[in-house]
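Single-structure report; data block below.
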Amino acid sequence: MTEEAQWHGNESDEQRAGETEPLDDSTLSGEAYDWYQRGVQMLDSGNPAAATQLLSRAADRVPRSRSVLEALARAQFDAEQYREAADAFRTLAQSNPSDDYAQFGWGLAAARLGDYELAVEHLAQAAAMRPDVRYYTQALRGARATVRSRSGAGKQGHS
Numbered sequence: 100m101t102e103e104a105q106w107h108g109n110e111s112d113e114q115r116a117g118e119t120e121p122l123d124d125s126t127l128s129g130e131a132y133d134w135y136q137r138g139v140q141m142l143d144s145g146n147p148a149a150a151t152q153l154l155s156r157a158a159d160r161v162p163r164s165r166s167v168l169e170a171l172a173r174a175q176f177d178a179e180q181y182r183e184a185a186d187a188f189r190t191l192a193q194s195n196p197s198d199d200y201a202q203f204g205w206g207l208a209a210a211r212l213g214d215y216e217l218a219v220e221h222l223a224q225a226a227a228m229r230p231d232v233r234y235y236t237q238a239l240r241g242a243r244a245t246v247r248s249r250s251g252a253g254k255q256g257h258s
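Each residue of the sequence shown is one higher than the one before, starting from 100 at the first, in our numbering.
Structure, rendered in structure tokens:
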């Protein structure tokens with residue numbers, strides 16, 4: 100499965116985010132909107148490092164925008180800035196715990212950082228909310244297998 104398949108679903112931000120959104124896109128206009136649009140285009144064309152630069156500018160201008168923060172988190176993940184991506188996805192998930200996509204992103208970033216227990220926690224939440232999304236359950240199975248493997252390796256080392 101490609102990273103692109105994980106990040107580009109058919110749902111809108113509003114569908115993924117649920118009904119209550121503490122973060123707000125209403126201030127996303129003018130220059131920030133242009134940076135956001137160009138950043139998303141750069142991300143979609145396979146240039147996450149450039150996208151991160153543009154989306155960081157937009158996030159500085161409109162720090163409460165869900166759309167900007169999600170796009171920035173995706174760009175950071177794709178640019179292998181996993182700590183930053185985890186922080187951004189965590190902000191999204193904490194502002195709306197029922198945001199399955201934010202939970203999924205947080206879990207994937209945690210896995211890339213080697214924190215598989217945290218990864219399992221958030222991937223399980225995403226998969227429970229959306230059992231129909233195959234790549235959520237696949238990522239969860241992989242993280243759980245890593246936890247089991249590491250747990251078994253630790254037990255073998257004490258024999």
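Every residue, glycine too, gets a C-beta built ideally from N, C-alpha and C. Predicted model, so just to flag it, every value in this text is computed and none were measured.
By DSSP, does residue i sit in helix, in strand, or in coil?
| i | result |
| --- | --- |
| Arg160 | helix |
| Gly211 | Note that residue 211 is Arg in the sequence shown here, rather than Gly. Of the three classes helix, strand and coil, the one that applies to Arg211 here is helix, per DSSP. |
| Arg229 | coil |
| Gly251 | helix |
| Ser155 | helix |
| Asp199 | helix |
Using the Cβ count rule (16 or more neighbours within 10 Å means buried), how would you classify residue i?
| i | result |
| --- | --- |
| Gln140 | exposed |
| Gln180 | buried |
| Arg189 | buried |
| Asp133 | exposed |
| Asp159 | exposed |
| Asp231 | exposed |
| Ser56 | Because the chain here runs from 100 to 258, residue 56 falls outside it and cannot be looked at. |
From residue i to residue j, what does the alpha carbon distance come to, in whole angstroms?
| i | j | result |
| --- | --- | --- |
| Ala172 | Tyr135 | 12 Å |
| Trp205 | Asp199 | 10 Å |
| Arg137 | Arg211 | 27 Å |
| Gln175 | Pro147 | 7 Å |
| Ala208 | Ala185 | 5 Å |
| Pro196 | Ala238 | 19 Å |
Provide the residue span of the alpha helix (DSSP H) that contains residue i, from first to last.
| i | result |
| --- | --- |
| Ala187 | Tyr181 to Ser194 |
| Ser144 | Taken as a continuous stretch (DSSP letters only), Ser144 belongs to no alpha helix (DSSP H), as it is neither H nor E. |
| Ser166 | Arg165 to Asp177 |
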